[in-house]
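Visitor: Have a look at the structure that comes next, please.
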Amino acid sequence: MTTKTSTDLVAGARFEDLQALMALMTGDEKHGPAATSTLDALWVLYDRVLRVTPDTAEAQDRDRFLLSKGHGPMAYYAVLAAKGFIDPAVLPSFGGYDSPLGHHPDRTLLPGVEISSGSLGHGLPLGVGTALGLRAQGLTDPAVWVLVGDAEFDEGSNHEAVAFAGASGLDRLHVVVIDNSSATHGWRGGIAQRFAAEGWSTATVDGRDHEALHRAYTAEHPGRPHAVVARVEPKNP
C-alpha cells in the first residue's frame with residue numbers, strides 16, 4: 049500500500065483528502081471541534097463558489113473571503129493547501145514559533161488570507177466595511193463572504209453589523225454562520241430570524257450536506273445581503 053505524501057494529497061485534491069491534510073497539523077491548542085465544524089462549508093465555498101485562486105489572490109475583482117471564526121483554523125489551512133494557496137509541506141509546522149500557521153490566521157504571513165482573525169465579533173463588521181469599500185469604488189462584481197461561529201453573536205458588534213448591512217442593502221455581502229450550539233444566548237425563532245428581521249435573505253441548511261450548502265450559497269437575493277446558517281453537530285453534545 050502506497051502512502052500519500054502531502055504533495056500527492058494536493059494534486060487533484062478532493063474533499064476526502066482534507067482529513068489527511070488536517071492530520072499533518074500536530075501540536076497543542078488545535079481547537080478540533082471549532083475546526084471540523086467548518087470543514088464542509090469551507091470546502092464547498094472554495095471548490096464551487098468563490099472566484100479566487102492563488103493566481104488571482106491580489107486581483108482587484110476577486111471575491112473576498114473573511115474567516116471571522118479564526119480560532120481553530122486547521123480546516124481553513126487544509127482547504128488553502130488543497131487549493132494551492134499554501135505549500136502543504138508547511139502544515140506539520142502548525143503552531144510552531146517560526147511557523148506562518150498560527151493558532152489564529154495572520155494575513156501578513158499567508159497568501160489568500162484577507163484578515164487576521166480570532167477575536168470574536170470583528171470579522172462581520174470588517175466584511176461590512178469591505179463590501180462598502182467595493183461599492184464606493186464601483187466594483188459590483190466581487191462578492192464578500194464572511195464565515196462566523198454562532199457564539200460570535202454573543203458580541204454586540206455583530207448585531208450592529210447585521211442591522212447596518214440590511215439597512216444599506218449590501219447585496220454583495222454573504223455570511224455563513226456555523227451553528228454548533230456553542231452560543232451563550234439564543235434567538236427567538238433561530239439565528240436566521242435575526243438576519244431576516246434586518247432585511248437579509250436567509251437560508252438554514254445541514255452544514256454537512258454539500259448540495260444543500262451549494263444551493264443556499266448560490267440562491268438569488270437581489271438588493272439584500274444573504275445569510276446561510278449551516279447547522280452541524282453540537283460542540284458539547
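Using our numbering, read the sequence shown as starting at 49 and increasing by one per residue. Just so it is clear, CB atoms sit at the ideal spot from N, CA and C, and this is done for glycine as well.
Ordered along the chain, which non-local residues of its own chain (more than five positions away) have a Cβ less than 8 Å from that of LEU66?
Guide: To locate residue 66, count along the sequence shown from 1; it is residue 18. Correct list, in chain order: LEU87, TRP91, ALA123, ALA126, VAL127 and ALA130.
Visitor: Note down the Cα distance separating ALA209 from GLU203, rounded to an integer number of angstroms.
Guide: Taking the sequence shown and counting its residues from 1, the one referred to as residue 209 is at position 161. Taking the sequence shown and counting its residues from 1, the one referred to as residue 203 is at position 155. Between ALA209 and GLU203, the C-alpha separation is close to 11 Å.
Visitor: Between which two residues does the beta strand (DSSP E) containing TRP193 stretch?
Guide: Counting from one through the sequence shown, the residue named residue 193 turns up at place 145. TRP193 -> beta strand (DSSP E) spans 192-197.
Visitor: As a quick exercise: from GLY175, LEU69, ASP111 and ASP154, pick the residue whose alpha carbon is nearest that of ASP135.
Guide: Residue 135 sits at position 87 when you count from the first residue of the sequence shown. Of the listed residues, the one whose Cα sits closest to ASP135 is LEU69.
Visitor: Can you name, in chain order, every residue of its own chain whose Cβ lies under 7 Å from the Cβ of GLY169, other than the five neighbours on each side?
Guide: Translated into the one-based positions of the sequence shown, residue 169 becomes position 121. Closer than 7 Å at the Cβ level, and outside the excluded window around GLY169, lie GLU200, GLU203, SER205 and ASN206.
Visitor: Tell me which same chain residues have a C-beta within less than 6 Å of the C-beta of ALA260, skipping the five on either side of it?
Guide: Position 212 of the sequence shown, counting from 1, holds the residue named residue 260. Taken in chain order, the residues that qualify are VAL253 and ASP254.
Visitor: Assuming ASP198 and ALA231 are in contact, meaning their beta carbons sit under 8 Å apart, how far apart are those beta carbons, in whole angstroms?
Guide: Looking up residue 198 in the sequence shown gives position 150. Looking up residue 231 in the sequence shown gives position 183. Yes, they are in contact, since the Cβ atoms of ASP198 and ALA231 sit about 5 Å apart, within 8 Å.
Visitor: Return the residue from the list LEU221, GLY238 and PRO148 that minimises the CA-CA distance to SER229.
Guide: Translated into positions along the sequence shown, residue 229 becomes position 181. Closest option to SER229, Cα to Cα, is GLY238.
Visitor: Closest to HIS222 by C-alpha separation, out of ARG183, TYR94, LEU182 and LEU195, would be which residue?
Guide: Here the question's residue 222 lines up with position 174 in the sequence shown. When only C-alpha atoms are compared, the closest one is LEU195.
Visitor: Based on Cα-Cα distance, which residue from THR74, GLY177, ARG155 and TRP248 lies nearest to PRO270?
Guide: The count along the sequence shown starts at 1 and reaches residue 270 at position 222. Among THR74, GLY177, ARG155 and TRP248, the Cα nearest to that of PRO270 is on TRP248.
Visitor: Excluding sequence positions up to five away, which residues of its chain have a Cβ less than 6 Å from the Cβ of PRO159?
Guide: Mapped onto the sequence shown, residue 159 falls at position 111. Around PRO159: ALA105 and PHE133.
Visitor: To which residues of the same chain is HIS262 closer than 6 Å at the C-beta, ignoring the five residues directly before and after it?
Guide: Translated into positions along the sequence shown, residue 262 becomes position 214. Closer than 6 Å at Cβ, skipping near neighbours: VAL92 and ARG96.
Visitor: Apart from the five residues just before and just after ALA244, which ones in its own chain have a Cβ nearer than 6 Å to its Cβ?
Guide: Against the sequence shown, residue 244 aligns to sequence position 196. Correct list, in chain order: THR250.
Visitor: Among residues of its own chain, excluding the 5 on either side of VAL100, which ones have a beta-carbon nearer than 6 Å to its beta-carbon?
Guide: The count along the sequence shown starts at 1 and reaches residue 100 at position 52. Result list for VAL100: ARG110 and ASP111, in chain order.
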